[in-house]
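Notes follow the structure.
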Amino acid sequence: MTLHTLTNTTIQTNQGLVEYSTIGTGTPVLFLHGGHANSLDQIAHKGFDLHRYQLITPSRPGYRKTPLAGNESPKQAAHLFVALLDALDISQVIVYGVSAGGWTALALAAGYPQKVQKLILASAVSTKWLARDSKIYKTARLMFHPKRQRLTWRMVRFFFALMPGLMTKSFFKQFSAKKGVKINPKERQELGNVFKHYGSGQGFLNDIEQNIDSAVLEKITCPTLIVHSKHDLSVAPTHAQHAHQLIEGSTLHLLDNDWGHMLWIGNDCADTLKLILDFIEG
Numbered sequence: 001m002t003l004h005t006l007t008n009t010t011i012q013t014n015q016g017l018v019e020y021s022t023i024g025t026g027t028p029v030l031f032l033h034g035g036h037a038n039s040l041d042q043i044a045h046k047g048f049d050l051h052r053y054q055l056i057t058p059s060r061p062g063y064r065k066t067p068l069a070g071n072e073s074p075k076q077a078a079h080l081f082v083a084l085l086d087a088l089d090i091s092q093v094i095v096y097g098v099s100a101g102g103w104t105a106l107a108l109a110a111g112y113p114q115k116v117q118k119l120i121l122a123s124a125v126s127t128k129w130l131a132r133d134s135k136i137y138k139t140a141r142l143m144f145h146p147k148r149q150r151l152t153w154r155m156v157r158f159f160f161a162l163m164p165g166l167m168t169k170s171f172f173k174q175f176s177a178k179k180g181v182k183i184n185p186k187e188r189q190e191l192g193n194v195f196k197h198y199g200s201g202q203g204f205l206n207d208i209e210q211n212i213d214s215a216v217l218e219k220i221t222c223p224t225l226i227v228h229s230k231h232d233l234s235v236a237p238t239h240a241q242h243a244h245q246l247i248e249g250s251t252l253h254l255l256d257n258d259w260g261h262m263l264w265i266g267n268d269c270a271d272t273l274k275l276i277l278d279f280i281e282g
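Residue numbers (full-length UniProt numbering): 1 to 282.
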């Protein structure tokens, strides 16, 4: 994947400050990134023609320069991003929700149907994610606390540079349940690129406390594509099935890809990207 130089800036909307990046010209696509990511994240941009699409990626509340205060819930975050679109004079977008960005994508599509042309949910949450008594939740609270997360990510990047093969295998086991997958150098590099700009800020601990009411999903009327791996170990496939059951007319693809949660990495990602682009252009 070719990494592009993103124009990253902040804008004062009528609902508060938002950091965002934008690249390309054409049909606007609003990316709502997953946990630990931010406006510099490019992994979900893969496959998009920058001569045909304007790719807009705000930092969700609590990440980098977008403040968390007053924007903690998916509904509040959706309201903030509508203000961003208004400030950019964009009347309608395709919304692309990734992983923990799923709640905000759902709230945006449900609450502002006039703004959302189509909705894509990729490896996305659609209900409560981590139980408070789970080991993953407790570990996340410890490792990604705002006072410790910078050290955590510095260590990840240090050891990734030192032992890329071992670190890639370790993270692969967190993303995918698929066995016997041979990881090639290109995949290691792509995962390393993902981690380059990661930081949890205050956003990740806020993410793991969120939920969204089923009634919100039932209000969504725009064409909706749900793509999720059968092997996802980060966000269970039940999230995709839950969204599909509640969003009338939605299309669900459960994928047999190698990298599980990371739909954009691996030789088989081309099939996933084609599904997404065919949906957008259809």
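Beta carbons: idealized from backbone N, C-alpha and C, even for Gly.
None of the values given here were measured: they were computed from a predicted structure.
{"Query": "Contact test: Thr5 Cβ vs the ligand MG heavy atom, cutoff 8 Å", "Result": "Because no ligand of any kind appears in the structure shown, any question about the ligand MG cannot be addressed here."}
{"Query": "Own chain, CB closer than 8 Å to Glu187, minus 5 neighbours either side, in chain order", "Result": "Thr168, Trp259, Ile265, Gly266"}
{"Query": "Glu281 to His231 span [Cα, whole Å]", "Result": "27 Å"}
{"Query": "Coarse secondary structure for Lys138, derived from DSSP in three states", "Result": "helix"}
{"Query": "Validate contact between the region 222-242 and the region 152-165 using beta carbons, cut 8 Å, 3 pairs", "Result": "no"}
{"Query": "Residue closest to Pro61, alpha-carbon to alpha-carbon, out of Thr238, Ile90, Trp103, Thr139", "Result": "Trp103"}
{"Query": "Limits of the unbroken beta strand (DSSP E) element including Glu97", "Result": "Looking at the sequence provided, one finds Gly at residue 97 rather than Glu. Counting along the chain, the beta strand (DSSP E) containing Gly97 begins and ends at 93-98."}
{"Query": "Segment contact, 8 Å Cβ cut-off, at least three pairs: the region 172-185 with the region 244-251", "Result": "no"}
{"Query": "Contact belief for Tyr144 with Ser91 at Cβ below 8 Å, rounded distance in angstroms", "Result": "Reading off the sequence shown, one finds Phe at residue 144, where the question assumed Tyr. That pair is no contact at about 36 Å."}
{"Query": "Beta-bridge pairing of Ile226 - partner residues as DSSP gives them", "Result": "Leu121, Leu252"}
{"Query": "Three CB pairs or more closer than 8 Å across the region 71-79 and the region 35-54", "Result": "no"}
{"Query": "Per-residue DSSP class, three states only, for Gln15", "Result": "coil"}
{"Query": "Cβ shell of His45 (< 6 Å), same chain only, five flanking positions each side left out", "Result": "Leu55"}
{"Query": "Inter-residue spacing [alpha-carbon to alpha-carbon] between Asn8 and Phe31", "Result": "14 Å"}
{"Query": "Bridge partner(s) assigned by DSSP for Val82", "Result": "In the DSSP output, where bridge partners are listed per residue, Val82 has none listed."}
{"Query": "Start-to-end residues for the alpha helix (DSSP H) that takes in Phe279", "Result": "269-281"}
{"Query": "Nonlocal neighbours in the same chain, by C-beta distance under 8 Å from Lys118, ignoring five residues either side", "Result": "Ile94, Val95, Cys222, Pro223, Thr224, Leu225, Phe279, Ile280"}
{"Query": "DSSP beta-bridge partners of Thr7", "Result": "Thr22"}
{"Query": "Cβ neighbours of Met262 in the same chain (closer than 6 Å, five flanking residues each side left out)", "Result": "Phe175"}
{"Query": "Three-way DSSP call (helix, strand, coil) for Ser214 in this model", "Result": "helix"}
{"Query": "Unbroken beta strand (DSSP E) run spanning Pro28, endpoints", "Result": "27-32"}
{"Query": "Inter-residue spacing [alpha-carbon to alpha-carbon] between Gly192 and Val116", "Result": "32 Å"}
{"Query": "Trp129 and Val216 closer than 9 Å at C-beta", "Result": "no"}
{"Query": "Element boundaries [beta strand (DSSP E), containing Gln54]", "Result": "53-58"}
{"Query": "Closest residue to Ser39 among Leu106, Cys269, Arg64, Arg157 (Cα-Cα distance)", "Result": "Arg64"}
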